[in-house]
Structures are given as C-alpha cells and as structure tokens.
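For reference, the structure discussed in these notes is given below.
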Amino acid sequence: MARIRTIKPEFWTSEQVMECSAMARLLFIGIWNFCDDAGNHPMSPKTIKALVFPGDDITAQAVDGLLAELVANRLITPYEAASKQYLHVNGWHHQKIDRPTVKHPDFVEPSPTDRIDTGEGSSSDGRALTPGKEGKGSNTHSPREPFAMFLEWVPDQGQLEAYAKRSGVPIAEFSEKATAQFVVHHDAKGLAKTESQWIAELVGWIKRDLANAAKVVPLRTATGGPPLDDEDTAWIESGGVQ
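Per the working numbering, the very first residue in the sequence shown carries number 1290; after that it's consecutive.
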C-alpha cells in the first residue's frame, strides 16, 4: 500500500541527489511512496515501472538503468533475502513513522562509517568518488557537473561496477576497445552530461552490443550434394537451368 512520505528542503541540494539525472530523482522519490515503513521494496524494474511510471512511455529496462544510477550514487542499496532481490532507501531514518508496518525482509544496516545520508539531514555526502578520467590531460569537472565527452575519458571504476552489476553486464565486457568506441562516438557529438549519466549510457551501449551480437544467426552450412563449382559452365551448353 502506498504511503505519504516527507521530503525536506535539504533533499534538493544534496550532492548525491544533484548528481542524479532528473528521471532518477523522480524515481527515487516515487520509490519512497511504495516502500514499506522500513524503507524496503522488491528490486523489480517491471513492478517499479508499473507503480511509479504507470502512464509514461518508459521501459522496464530504462527503469533498471535508473535504479543502477541510484545504486551508483548510493541512494539505495540492493540486498538479497530468501533468494529474492530487494532495495533499501539509504537515510530512511529521516522518515518519522508513528506505527510502522514492515512488509519486506529486514535490511541489515551497514556500520556507521559506511552509512550514507541522502541529504535530508546534511548537505554533505562524505563520498570520495573519483571523477571520470584517468590518464593524460586534466580532469577538473565536478562529479555532478555536466561535461562534454573527451577522448581521454575513463569511467569511474566504482560507479561502472555498480551500474554493470545492476544491469547484468559482466565487467569484463568493458574492455579498453569497447569503451574507446563509445568515447569516440560521443566525443564528436559535443553533448554535456554528468559522470553518472555517461556511465549509464556506456552500460546501455555495451548491453545493446551484446544483445545485437546474440541475434546474429550463423549461415547454415549446405549438406549433401557435390560442392558448388563457380567456374562450371556446363549448364549453358545444356540449354539452361532445369
């Protein structure tokens, strides 16, 4: 059953929240309405799509990518119970609930040093994410500030692993060659996006490549009969093809 939840003004200026795309922020708030009173909900893109975006032209796969974005920014934490995947909204302790009703399996709270605040009680998130680039050149853009793709860009490894895991793409698929193709393609476009958005696009790019490769059907090998001789002209002398 959906619940009325509270959003504090500090939410909008949280660095974690500002680092997310607008759709991911909307999804994050929507999840709050459908979580149980402990901040937990099944990690099901299809179900969440039906609940939060019932009348929108958005696929469950796109919602899966948005969930990966929330995981990468540590706004939600996936966990498993009884062989089923769930999510927990980090910072849920800011919600004041008189008579809580718990519907889903308990989430084991991380240690205080690992706990993340969603900005509802603090404007600082205390993270130490490395902005996108490693290698030659200088990378001074803020993690939440959009930037144009550049040839030396290397995705933040922590965010990439989180996005890839949530999207079901093996991290080994993100080879230097595969990433370079993505970088070159988008470098020419000059579009500006945040680090998280670029990584989400990269994961989608690789996932589509893998899906397309799986659709390729190998040519069937001919069986029976003599091998084809391209230089055989006997059919001309016999008056044509029978």
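Idealized CB from N, CA, C, for every residue including glycine.
The model shown is predicted, which means the values in this text are computed figures rather than measured ones.
Q. Hey, how far is the Cα of F1396 from the Cα of Q1448?
A. 22 Å
- In chain order, what residues of the same chain have a beta carbon less than 7 Å from the beta carbon of K1422, not counting five sequence neighbours either side? Since pLDDT at K1422 reaches only 36, below the 50 mark, its modelled position is unreliable, and no value is offered.
Nearest-angstrom Cα distance between P1435 and K1482?
4 Å
Quick one: Cα of L1316 to Cα of K1496, how far?
-> 22 Å
Self-check item: Three-state secondary structure assigned by DSSP to F1317
Solution: helix
Is W1487 buried or exposed, if buried means 16 or more other CB atoms sit within 10 Å of its CB? buried
- Task: Let me know if T1366 comes out buried or exposed under the rule of 16 or more other beta-carbons within 10 Å of its beta-carbon.
- Result: buried
_Beta-carbon within less than 8 Å of E1490's beta-carbon, same chain only, minus the 5 sequence neighbours each way: which residues are those?_
F1471, H1475 and K1482
Cross-strand partners of K1373 (DSSP beta bridge): A1370
Q.
Just to confirm before moving on: does the CB-CB distance between P1334 and D1353 stay below 8 Å?
A. yes
Locate the alpha helix (DSSP H) running through P1334, then write down its first and last residues. P1334 to V1341
Within 10 Å of its beta-carbon, does G1457 have 16 or more other beta-carbons around it, so buried, or fewer, so exposed? exposed
Quiz item: Rounded C-beta distance between A1357 and A1451? I'm assuming under 8 Å.
Solution: 7 Å
Exercise. Alpha carbon to alpha carbon, how far is N1501 from W1301?
Worked result: 39 Å
What did DSSP end up calling V1492 once you bin it into helix, strand or coil? helix
(request) Tell me whether the beta-carbon of C1324 lies closer than 8 Å to the beta-carbon of N1362. (result) no
*asked:* Measuring straight from C-alpha to C-alpha, what distance separates A1477 and G1493?
replied: 19 Å
Worksheet item: How long is the line joining the alpha carbons of D1445 and I1320, rounded to whole angstroms?
Response: 26 Å
- Item | Length of the line joining the Cα atoms of K1373 and R1455 | 14 Å
query = Out of curiosity, what's the CA-to-CA distance linking K1297 and L1359?
reply = 19 Å
Are H1377 and N1322 closer than 8 Å when you measure CB to CB?
no
| message | So the candidates are S1464, I1460 and V1473; which of them puts its Cα closest to the Cα of F1439? | response | V1473
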